[in-house]
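Novice: Here's a structure for you.
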Amino acid sequence: MTDATKVPAYTVTARVLHWVTASLVLLNLPLGLVIANNWGGPLQDQLYDLHRSIGALIIPVILVRVFYRFGHPPAPLPDDIPPLQQLAANATHWALYALLITQPFLGWIGTSAYRAPIVVFGLFELPPIWPEDRAFSDQVLFVHSLIGLTIAGLLAAHIGAALHHHFVRRDRILIRMMTG
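Structure (C-alpha cells):
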C-alpha cells in the first residue's frame, strides 16, 4: 500500500465547493457547445439563458473556492508520486482556477458588448459591463469558446488522472475528494 493511505481527506467545505464547481462546469460546457453551433432548435434562446445563468453562478462559487483554498491548502500528494506528476497536478489545478475565473467574466463582457441580457435563472438581470460593440463581442466570445475547449481538455486530464489513481494505482487520491 502507498503513502496515499495516510493522506487525509479534503475538508467537507472543499469537497462541496469542488463538486458544485464540477457540476456547474460539466453542465455548462456541453450547453456552450450546443449554443455555439446553433443546435438548440426552438430551445436555443432558453439554452443561452441557462448557459448565462450557470456562468453567472460560477463566478461567486469559484471565487469562494479559490479564497478558501488559499486559507486551507490541500494535503500534499504522497511522496511516491513522481515530482513531474505532482507538478502537472498542481499546474492543472491552478490553470483550471485561472480559466474558471476568467471564463465567466469573458462571457459577461462578450454578452454585454453584444447587448444581450443576462437574466440569472429568471430572478434578476446582470448589468452590462462593457459598451455595445458587436465586432468586439464576436472577438471576445471567440476567445471564450477557445477557453471553453481548453477547460474541457484540462478537465479530461484531471478526471483521467483521478481515475488512474483510483483504478490503476488504487490509492486514496480520488476517495479523499469524494467521501473523505
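Start counting at 1 in the sequence shown, then tack on 19, and there's your number in the working numbering. Cβ atoms here follow ideal geometry from the backbone N, Cα and C, with glycine treated the same way.
1) Given a cut-off of 7 Å, decide if I137 and R71 are closer than it, judged by their beta-carbon atoms.
2) May I have the straight-line CA-CA distance separating L174 from W113, to the nearest angstrom?
3) So, for S164: in the same chain, excluding its five sequence neighbours on each side, which residues have a beta-carbon less than 8 Å away from its beta-carbon?
4) So for I137, helix, strand or coil by DSSP?
5) So, P146 versus I78, is the Cβ gap smaller than 7 Å?
6) From I73 to A33, what does the alpha carbon distance come to, in whole angstroms?
7) Based on DSSP bridge pairs, tell me the residues matched to F143.
8) Out of curiosity, what's the CA-to-CA distance linking T40 and V80?
9) Enumerated in chain order, which unbroken segments of the beta strand (DSSP E) with a length of 3 residues or greater are wholly contained in the segment 79-162?
10) Under the rule that 16 or more other beta-carbon atoms within 10 Å means buried, what is I100, buried or exposed?
11) Taking the alpha helix (DSSP H) that H37 falls in, what are its first and last residues?
Specialist: Here's the rundown:
1) One thing to note: R71 has its Cβ within 7 Å of the Cβ of I137.
2) Whole-angstrom Cα-Cα distance: 12 Å.
3) G51, A55.
4) Shown here, I137 sits in a strand according to DSSP, grouped into three states.
5) Cβ atoms of P146 and I78: not closer than 7 Å.
6) Each residue's Cα considered, the two are about 20 Å apart.
7) Looking at the DSSP assignment, F143 forms a beta bridge with V139.
8) Those two C-alpha atoms are separated by around 7 Å.
9) Runs of the beta strand (DSSP E) inside the segment 79-162: 137-139, 143-145.
10) That one is buried.
11) Element bounds for H37: 31-55.
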